Amino acid sequence: MAEKQELHSRAFKELAQKQARELCAPLTSLTRDEVEHIIKEKYKLTDTRVVTCLVPYQLGANVLLSRLPAKIRGEAVKELKEEEARRQEKVAVLPHKWIQWFDPDVYVSVGLKYIQRVSPLLRRRIPIFAILGHVNHGKTALLDSLQDSNIRDEEPHHITQSIRAFTVPSPNNAQDLFTFIDSPGHRIFVETRFHLHLVADFVLLVISVVDGIESQTHEAIKVALNVDKPVIVVLNKLDLLSDAFSAKKAVKRLLSELDMIGLSVQIIEKEKDVDKIEAEIRAAQTSRCDKTTLSVRHSQAEFFAPMKTVDPDYQGSKRHPQVNLHRKCYGVCVSATQKVHIPLLWRLLRVCRDGAPPMCHSNSVSYKESNAAVQAVVLESSKHLFDEEGFRLNRSRQRVQRAIDAKKQRRTNKFEKLSPRVRLNSMSNNAINQKTRQNRTSSTCLVITAIVREGVLSEGMHFIADQAEGQVHYLVDYWGNRIHKAYPGMAVTIVDKDSISGCPGAGIHVLSVTDLATRVRVQAYRQMLQWYVEVFTTKLHYLRPRGMDVAFAHLGDYGQLGITDSLECQLLCGPTAKSPENQTQLGSAPSRSPTEHISIGTYLAEKNKISESTTVQVSTAAASIALPDGKTKRLTQGIMDRNAELVVTSSWSGMQRTEPLASQKEYEQFVMQCVQVGVLIKVDSWHTARMLLREISRLGTRKVYFQVVGARFGPLQVDDILFFGQAVKVIVCFRTPIAASADLDKYIEFNDTWVLQTDHFSDVVLFMKWCAVATHKEKVTEDATDADSAFRPQIVVDSTKSAGSEAKAAKPLERKKKLLIYSDNSIEDG
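FYI, the UniProt record's numbering numbers position 752 of the sequence shown as 752, with every residue one higher than the one before it.
Written out as structure tokens, the structure reads:
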């Protein structure tokens, strides 16, 4: 039609359209059966769970191209090859007319377009501050001072081991709200902190003037610079210094070190310093025509705004992170315990909020107008209502729990009155639900801690999050108090009391849906995509042709397929095994200059190596043994004294591989020649499951490999033992209780299982190292009869198992003892 415009007429157009329909008939007549036949027979994807709605992209493109007219097919293939080449060369890709490659969560993008259309103007929202820093530098103490709370006394061992999110008013103004997110500071929680960087608007970096800059301080700075978040430095523990001269000297030393790392800190000492900054910001906002004012606004933006809005050439990136980045920031010297300069810090937080105000498009309370009209970001998720320690201390949480339990009892009509003891963490399905719904998790209660981004969360809203779907039955704050609405920027806990879904991962979007049918359909599609990734692990390239982006925002744990040099991958995996120079550098003190180009993974691994070499962590908890007759015998010695812990740690270190694994094939061969020990982890949250899944697999030896066969939420129950059976040798209950059941004790004894219950991560690491050492010794004894059999570990979990073959021969009739180690300094003799 374009070639013969002079002949255009109604008859000509009808003829041209007829010819076009004939040319495209092979494509337009394509049926479901034909597609299924091609996928199953030609490409050998024969799993029954793959259906037409989930045709792998590359195969689908081939099916479509083969049925296009020859001329159009040639143009399409040429264009696709050009785009693929540009992506491989990391050249910017221009949008084209054939196929769109953009692959975020479609409901997020569609929802944002709808929100921007109905609410084109930007609105201010509540600012979000992530409190980051090294362990024991005073992050939780600072949060207590800011909001007049006492969280430290509620946390076991006085160490933060989970995410806490609070929305609190500023002093003297109840309408001026701020959201703070407290984070754990130990190295093992690196993934937790990474997600907080992405969610927060500003980073509140806490550094102890006594301890100085340590490994996780380096991590927080480098990640903040690469994700491009403004930083406020808080120099804490000022009261521990003896005099003003030593304090000034320590602060000057820290500022010099921070400048070398990448932060040029300007200390705010007095109220008049804040007054000057506020005046500059007001002048920049009111007088936009004056060139001088514009330059002032630009200088303040260097402190408060993302650097890419100030400098378009800023190199910070999550995809290609850089070590040598630099930005300006403000700092305050405080004493969190004595509340010195806390009012000054509050003023600086307000100035930071006003200097680069966080914005949103919608604060509408209606969620039924469109799908994804309300959007939030997951911080943490769990399959039981509240942690045991916090539950006992909070009456509001108990009221929510009692309301849920009472409603379940009314529905089942099995109980005439409430149970005398409130069930803390276990809410199993009732008989009706078990007949009609399939529950694949350990609890029917889904709890999501989230930050609202767009719209207003309210009770009754249907939502979809990753592969989880549900309805908002309760909205509560951190303390368990019911709230009716959650506005943009607020931290809120969403409770779905009848969930049969799993836990969504951190960073996943919680999206509102208009009705139940839409919510079920979206969840079914996402689950189908997850099934494909799990089943066809060798054919993931079909999801995208080579060279294309393969990040799926709604695909859970598979969200970074093939991206091995991203910031997240380097944080979790460290230096890649492909670079042998990284391995040699890790064995000695770093000798590089600060300006030399190295990867983030290598840089942080060096800092962690230095920190671990100068710090010896010792667990000296007291122990008790619960005897079979119910009497309790207290012991004065610890679970492991310092010498015994050092013996286990040194033995474990001596049993590690001396050469690194350089490829996936070498790793698979190494695993096959090891003794594979099955591990079940019972956890309280999604972050805990990910953390232990990653760390436990690293705690084996050159002859022992720990294989995590399952991660379940809630207390350890008989159902867990029955489901996994002999596949599990070790069970770790982290921050979850063990159900009081005589049958459970019998099954543990029958399966010869080692069980640890603790609320401190260092106990998990030490326990797994002991299991690795004990199993490694047994393997050596089996392989060589003349091996050393004199090893006697000080921590006893299974007395006949750990004492070796000599103990078995000497006491053949002695009853096996199963010791359950608890974090409250007690040991139960099974």
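From the three backbone atoms N, C-alpha and C, an ideal C-beta is built for every residue, glycine too.
As the structure is a computational prediction, the values presented were derived from the model and not from experiment.
Which partner residues of residue i appear in the DSSP bridge assignment?
i, result
"Phe129", "Phe180, Phe202"
"Asn236", "Ser208"
"Gln470", "Rather than Gln, the amino acid found at residue 470 in this sequence is Gly. Note: Gly470 sits in a beta bridge opposite Phe463."
"Val755", "Ile731"
"Lys485", "Ser458"
"Phe706", "Val677"
"Gln375", "Glu454, Leu511"
"Asp496", "Leu446"
"Arg10", "In the DSSP output, where bridge partners are listed per residue, Arg10 has none listed."
"Arg164", "Asp182"
"Arg187", "Beta-bridge pairing links Arg187 to no other residue."
Sort the options by Cα distance to residue i and report the nearest one.
i, options, result
"Phe724", "Lys746, Phe463, Ala141, Gly678", "Gly678"
"Ala284", "His134, Ala356, Phe670, Val765", "Ala356"
"Lys81", "Ala61, Leu68, Pro69, Ala224", "Ala61"
"Leu121", "Ser362, Glu257, Glu568", "Ser362"
"Cys333", "Arg164, Asp259, Ala244", "Ala244"
"Ile738", "Ile508, Ala727, Gln757, Glu22", "Gln757"
"Arg657", "Arg702, Met672, Arg694", "Arg702"
"Asp684", "Lys328, Gly714, Thr775, Leu699", "Gly714"
"Ala491", "Arg187, Arg690, Ala76, Ile126", "Ile126"
"Thr736", "Asn643, Asp759, Asp745, Lys78", "Asp759"
"His776", "Thr444, Gly74, Phe706", "Phe706"
"Leu766", "Ile342, Val647, His541", "Val647"
"Cys24", "Leu68, Lys44, Ala662, Lys4", "Leu68"
"Leu680", "Phe734, Asn643, Val671, Val223", "Phe734"
"Leu604", "Gln216, Tyr525, Ser264", "Gln216"
"Thr337", "Asn136, Arg350, Arg123, Ile696", "Asn136"
"Ala301", "Glu278, Pro26, Thr192, His320", "Glu278"
Do residue j and residue i count as a contact pair if the criterion is CB distance below 9 Å?
i, j, result
"Leu457", "Val374", "yes"
"Gly470", "Ser512", "no"
"Cys352", "Pro488", "no"
"Val55", "Ile72", "no"
"Val704", "Cys674", "yes"
"Ile483", "Val447", "no"
"Leu235", "Val209", "yes"
"Leu348", "Ile451", "no"
"Ala174", "Phe129", "no"
"Gly138", "Asp228", "no"
"Lys497", "His473", "yes"
"Ile131", "Leu198", "no"
State buried or exposed for residue i, treating a residue as buried only when at least 16 other CB atoms are found within 10 Å of its CB.
i, result
"Glu659", "exposed"
"Asp182", "buried"
"Met768", "buried"
"Ala465", "buried"
"Tyr667", "exposed"
"Thr286", "exposed"
"residue 833", "Residue 833 lies beyond the stretch modelled for the chain, which goes from 1 to 830, so this question has no answer here."
"Ala2", "exposed"
"residue 831", "Residue 831 lies beyond the residue range present for the chain, which begins at 1 and ends at 830; the question has no answer from this structure."
"Cys573", "exposed"
"Thr688", "buried"
"Lys417", "Low local confidence applies: a pLDDT of 42 at Lys417 is under 50, so the model's placement there is unreliable, with the coordinate-based value given in what follows. Per the 10 Å Cβ criterion, exposed."
"Ala141", "buried"
"Asn481", "exposed"
Quick one: Cα of residue i to Cα of residue j, how far?
i, j, result
"Gln147", "Ser162", "19 Å"
"Val340", "Lys237", "10 Å"
"Ala165", "Phe180", "6 Å"
"Glu280", "Val310", "17 Å"
"Ser149", "Leu143", "8 Å"
"Asp354", "Ser29", "59 Å"
"Thr781", "Gln669", "22 Å"
"Ile600", "Phe202", "21 Å"
"Asp752", "Gln676", "16 Å"
"Asn371", "Arg86", "35 Å"
"Ala20", "Lys13", "10 Å"
"Val206", "Leu254", "12 Å"
"Leu567", "Ile159", "27 Å"
"Arg187", "Glu41", "49 Å"
"Pro156", "Ala247", "31 Å"
Check whether chain B comes within 9 Å of residue i, counting only Cβ atoms and requiring the distance to be less than that.
i, result
"Arg125", "The question asks about chain B, but that chain is absent: this structure has only one protein chain."
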